[in-house]
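Here the protein sequences come in this chain order: A and B.
Heads up: the first sequence is residues 6 to 249, going by this note's numbering.
Heads up: the second sequence is residues 6 to 249, going by this note's numbering.
Right, one structure below, let's go through it.
Protein chains: 2
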Amino acid sequence: MQIDPSNPPDLSAQIAAAIRDAIVSGTLPVDERLPSEAELAEKFAVSRPTVREALKRLAAQALIRTQRGATGGAFVNRQTYAEAHAQQITTATLLLSMNEVSFVTACEARYALERACAPLAAQRRTDDQIALMLAEISRQQDPALTDEAFCASDIAFHRALVDAAHNPVLSYQLAGAVEAMQPLMNMITYPARSRARIVALHRAIAEALEVHDATTCDAELAALASYTEELAETVFAARQVQTP
Amino acid sequence: MQIDPSNPPDLSAQIAAAIRDAIVSGTLPVDERLPSEAELAEKFAVSRPTVREALKRLAAQALIRTQRGATGGAFVNRQTYAEAHAQQITTATLLLSMNEVSFVTACEARYALERACAPLAAQRRTDDQIALMLAEISRQQDPALTDEAFCASDIAFHRALVDAAHNPVLSYQLAGAVEAMQPLMNMITYPARSRARIVALHRAIAEALEVHDATTCDAELAALASYTEELAETVFAARQVQTP
DNA sequence: GCCAAATCAAATGTCAGACGTTTAATTGTC
DNA sequence: GACAATTAAACGTCTGACATTTGATTTGGC
């Protein structure tokens with residue numbers, strides 16, 4: 006764990022990288038306490054503010070956490086699904102919003118991923134998840150539901166579908182992707198008239214999962230995907246006429 | 006963009022969150038220059054080191070970049086696929102290594118995702134990608150290839166498969182997942198005797214893509230998945246006997 | 001001898017001021 | 001007008017200090 010002090014303009018980045026490598030390689034196990042800031046400063050032959058900047062970089066990636074007080078310090082953080090998930094959502098959201106990713110590209114990716122876990126979900130779904138999905142479908146049928154609430158319910162429905170696969174790695178990957186794409190999706194599903202069709206497809210998906218029918222589930226997901234793309238085309242066409 | 010100075014222990018985190026929100030919400034567009042560190046310090050009524058810690062947090066997430074010199078400063082970074090990809094790999098790698106994710110879980114997730122883009126890949130693959138896959142297969146047949154090199158080639162092969170779908174969002178998601186799982190996979194594919202079978206499956210996959218045969222491609226991927234799991238069982242069983 | 005309160009010490013969080021370095025714009029000269 | 005020297009703005013780093021938190025230690029009382 007050494008750095009090159011002769012190549013300065015970024016000592017804090019070098020130190021952060023050195024510590025990160027130690028964590029990733031397992032040299033520093035979970036919950037291990039790092040040396041104090043003063044000790045690290047001495048070890049790397051830099052000042053304490055520089056060490057602190059390095060630690061803040063690691064904290065931003067949830068690699069470490071800090072505690073104040075006598076037995077305080079920086080500790081190696083256990084990476085939780087929840088944290089990784091949250092991180093992935095911000096990253097993916099920015100990625101999509103800053104790179105003019107077309108709706109069809111995002112939509113295609115989303116449904117491809119979702120269909121990937123449909124077979125597993127059909128096989129392993131629990132009654133709880135079916136109940137959750139049906140409850141969301143009921144909410145979505147309420148005409149008084151605002152567009153925002155409808156979209157939130159849509160997320161919850163698909164989240165339940167993904168979780169039904171009972172694979173935490175898959176859930177983490179997919180839930181992040183689905184949520185990140187939601188801002189794009191929202192633009193499409195706002196026209197209220199499309200709700201009935203979407204709800205019908207949701208119902209078909211839930212029922213297919215209930216009877217462990219992977220084939221039907223996949224077909225209905227495909228139908229939902231193509232319907233969503235179709236809607237998108239309509240919306241974009243209307244928008245182009247509106248703002249020439 | 007204000008903070009609460011009365012609730013200190015983490016002014017830098019509050020400032021980082023405030024700036025991050027401004028970026029995510031689009032208030033600060035890409036390539037916009039943030040105020041100088043001194044100006045930010047004055048604006049938030051904190052010292053310059055505190056502002057710097059906040060900026061380092063954002064830099065760690067690739068949300069900003071900094072330049073020195075007269076027209077220097079912090080600029081809002083465009084989130085690139087490459088950066089998001091690199092970030093996802095470190096996060097996912099740590100997530101897997103720190104949470105005792107079972108091999109079957111990781112393997113299942115990986116192949117589920119990979120099979121998700123197989124239909125698209127079969128439809129859109131270019132000759133370049135087929136050539137790349139065949140080249141990797143040739144390398145994998147060399148008995149002199151080290152285990153590390155074989156695994157690297159394995160990654161390249163699957164990366165080409167994913168890229169053949171020609172969907173950058175899908176590539177970003179999947180390539181991250183595949184690479185993050187590689188350390189786990191490596192433990193399995195090390196026994197050299199399994200290489201021939203793996204190479205044969207790779208060849209079958211490449212040939213199916215070449216003739217745009219999505220069904221066969223999916224079947225061969227499924228076969229590769231089950232063979233990998235089978236190998237894993239063997240390895241783990243042997244290990245248990247070895248270290249009782 | 002035991003329990004509670006006061007004290008202490010270690011560590012992070014924050015601040016102020018300073019100096020060095022990089023970089024682009026400005027100025028001055030030929 | 002082109003090129004070189006100067007200047008100024010900004011980041012990168014250092015030093016030293018004080019505040020705050022928090023667990024451990026010591027002290028005091030009973």
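Every residue gets a Cβ at the ideal spot worked out from N, C-alpha and C, and that includes glycine.
Residue i - partner residues in DSSP beta bridges
i, result
"Arg70/A", "Phe80/A"
"Arg38/A", "Phe80/A"
C-beta atoms of residue i and residue j nearer than 8 Å
i, j, result
"Ala211/A", "Met103/A", "no"
"Gln178/A", "Gln178/B", "yes"
"Arg120/B", "Leu206/B", "no"
"Pro54/B", "Pro54/A", "yes"
"Ala140/A", "His217/A", "no"
"Leu101/B", "Leu189/B", "yes"
"Gln134/B", "Ala165/B", "yes"
"Val183/B", "Arg115/B", "yes"
"Arg25/B", "Leu68/B", "yes"
"Thr233/B", "Asn172/A", "no"
"Leu214/B", "Ala117/A", "no"
"Thr95/B", "Val204/A", "no"
"Ala65/A", "Arg62/B", "yes"
"Cys112/A", "Ala230/A", "yes"
"Ala97/B", "Gly31/B", "no"
"Ala237/A", "Phe49/A", "no"
"Arg200/A", "Gln145/A", "yes"
"Val106/A", "Val35/B", "no"
"Ser52/A", "Ala43/A", "no"
"Arg208/A", "Ile142/A", "yes"
Terminal residues of the alpha helix (DSSP H) in which residue i lies
i, result
"Thr85/A", "Segment: none, Thr85/A is in no alpha helix (DSSP H) and carries neither H nor E."
"Leu214/A", "Arg200 to Glu215"
"Leu33/A", "Leu33/A -> no alpha helix (DSSP H), and no H or E assigned at all."
"Val51/A", "Run containing Val51/A: none; DSSP gives neither H nor E here."
beta-carbon residue i near the ligand HEM non-hydrogen atom, thresh 7 Å
i, result
"Leu139/A", "Because no ligand of any kind appears in the structure shown, any question about the ligand HEM cannot be addressed here."
Discussion item. Tell me whether the stretch 68-80 of chain A and the stretch 23-39 of chain A touch, counting them as touching only if at least three CB pairs, one residue from each stretch, are closer than 8 Å.
Written reply: yes
Fill in: Stretch-stretch touch, CB-based, cutoff 8 Å, three pairs: the stretch 157-168 of chain A with the stretch 151-169 of chain B
At 8 Å Cβ cutoff, the stretches do not touch.
Item to complete: Ignoring anything shorter than 4 residues or poking outside the stretch 87-165 of chain B, list the alpha helix (DSSP H) runs there in chain order.
Response: 108-129 and 132-146
Worksheet item: Are the stretch 113-127 of chain B and the stretch 83-93 of chain A touching by the rule of at least three beta carbon pairs closer than 8 Å?
Response: Judged by Cβ distances under 8 Å, the stretch 113-127 of chain B makes no contact with the stretch 83-93 of chain A, as fewer than three pairs qualify.
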